[in-house]
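**Student:** Residue numbers (this note's numbering): 20 to 240.
Okay, handing you the structure first.
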């Protein structure tokens, strides 16, 4: 958790930043694994399920921007909102959800994960998880601020190239499947947390059934 976030905060490439951020996310997931009880495993499984939407949505936004501009440098995202509000909005929601900002999906995933870790007595790990989550929000918000603001009147050459692409293909829903993935994952990163209780019950029941069948097989042999 600590290493991944501290290295991610120094990156200038969006892809590398997301890669190191993923290392810290694995640390959060391991909190649920080491609890050793059913609720901890369920919270870990839920967070992995949510993480797929958040990470895939963010990565899809980065890939789409790279395909259209040829760059993934963080500073080249400056002023993107002016030219493509929908992509900017999707990337913003996915990043904030990864950071665990309420009321997005990532917040509810971390809430259950940290609560299960706290109940199991891993107070230090939960505290470190909370601190590193704040650190991750810091560098996510730096990127979001860059996307939503324009430093000067001079247009970024990569944004200029992006304008040329948009004019050539004026509709967001073209034949590129990445665009559909972005919409799908953004919706999941935003609204899945609302259904956290039924999702938690589903995974807990599924895991308890798996444990029961596993124990039954051991007894049989």
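All C-beta atoms, glycine included, are put in the ideal place defined by N, C-alpha and C.
Computed from a predicted model, the values in this text were never measured in an experiment.
1. Since residue 106 and residue 75 are thought to touch, with beta carbons under 8 Å apart, how far apart are those beta carbons, to the nearest angstrom?
2. Using C-beta distances below 8 Å, list every residue in its chain close to residue 124, excluding the 5 sequence neighbours before and after it, in chain order.
3. Taking the alpha carbon of residue 205 as the reference point, which residue from 137, 138 and 108 has its own alpha carbon closest?
4. So, at 6 Å on beta carbons, what are the nonlocal neighbours of residue 156 in its own chain, with the 5 sequence-adjacent residues on each side left out?
5. What does a CB cutoff of less than 6 Å around residue 121 pick up in its chain, not counting 5 residues either side in sequence?
6. Nearest-angstrom Cα distance between residue 225 and residue 89?
7. Tell whether a beta-carbon distance below 8 Å holds between residue 78 and residue 112.
8. What are the residues that DSSP puts in a beta bridge with residue 92?
9. Counting Cβ pairs, one atom from each stretch, are 3 or more of them under 8 Å apart for the segment 44–52 and the segment 92–104?
10. Between residue 110 and the rest of its own chain, which residues show a CB-CB distance below 6 Å, the 5 nearest in sequence each way excluded?
11. To the nearest angstrom, how far is it from the Cα of residue 54 to the Cα of residue 127?
12. So for residue 160, helix, strand or coil by DSSP?
13. Report the option in 161, 132 and 201 whose CA atom is closest to the CA atom of residue 64.
14. Given this structure, state the Cα-to-Cα distance separating residue 220 from residue 95, to the nearest angstrom.
15. Can you say whether residue 24 is buried or exposed, counting buried as having 16 or more other CB atoms within 10 angstroms of its CB?
16. Residue 150 and residue 28: beta carbons closer than 8 Å?
17. To the nearest angstrom, how far is it from the Cα of residue 92 to the Cα of residue 34?
**Tutor:** Looking at the coordinates:
1. Against the chain shown, residue 106 aligns to sequence position 87. Against the chain shown, residue 75 aligns to sequence position 56. So it is not a contact: roughly 15 Å between Cβ atoms.
2. Reading the chain shown from its first residue, position 105 is the one you call residue 124. Around residue 124: 69, 72, 73, 116, 207, 208, 209, 210, 211 and 212.
3. Along the chain shown, one-based indexing puts residue 205 at 186. Ranking the options by Cα distance to residue 205, first place goes to 108.
4. As a working note, residue 156 is residue 137 in the chain shown. Excluding residues within five positions, the ones whose Cβ falls inside 6 Å are 118.
5. Within the chain shown, the letter at position 102 stands for residue 121. Nothing meets the Cβ criterion.
6. Counting from one through the chain shown, the residue named residue 225 turns up at place 206. Counting from one through the chain shown, the residue named residue 89 turns up at place 70. Going from the Cα of residue 225 to the Cα of residue 89 covers about 44 Å.
7. Within the chain shown, numbered from 1, the residue matching residue 78 stands at position 59. Within the chain shown, numbered from 1, the residue matching residue 112 stands at position 93. Contact: no.
8. By 1-based counting over the chain shown, the position of residue 92 is 73. Partner(s): 32.
9. no
10. As a first step, residue 110 must be located in the chain shown, where it is residue number 91. Within the same chain, residue 110 has close Cβ partners 80.
11. Taking the first residue of the chain shown as 1, we reach residue 54 at position 35. Taking the first residue of the chain shown as 1, we reach residue 127 at position 108. If I take the Cα positions, the gap works out to 18 Å.
12. Taking the chain shown and counting its residues from 1, one reaches residue 160 at position 141. It is helical.
13. Position 45 of the chain shown holds residue 64. Residue 132 is the option with its Cα nearest to residue 64.
14. The residue given as residue 220 occupies position 201 in the chain shown. The residue given as residue 95 occupies position 76 in the chain shown. Distance between the alpha carbons of residue 220 and residue 95: 43 Å.
15. Start at 1 with the first residue of the chain shown, and residue 24 comes out as number 5. Under this definition residue 24 is a buried residue.
16. Position 131 of the chain shown, counting from 1, holds the residue named residue 150. Position 9 of the chain shown, counting from 1, holds the residue named residue 28. Their beta carbons are not under 8 Å apart, which means residue 150 does not touch residue 28 by this criterion.
17. As a working mapping, residue 92 is identified with position 73 in the chain shown. As a working mapping, residue 34 is identified with position 15 in the chain shown. Roughly 9 Å between the two C-alpha positions.
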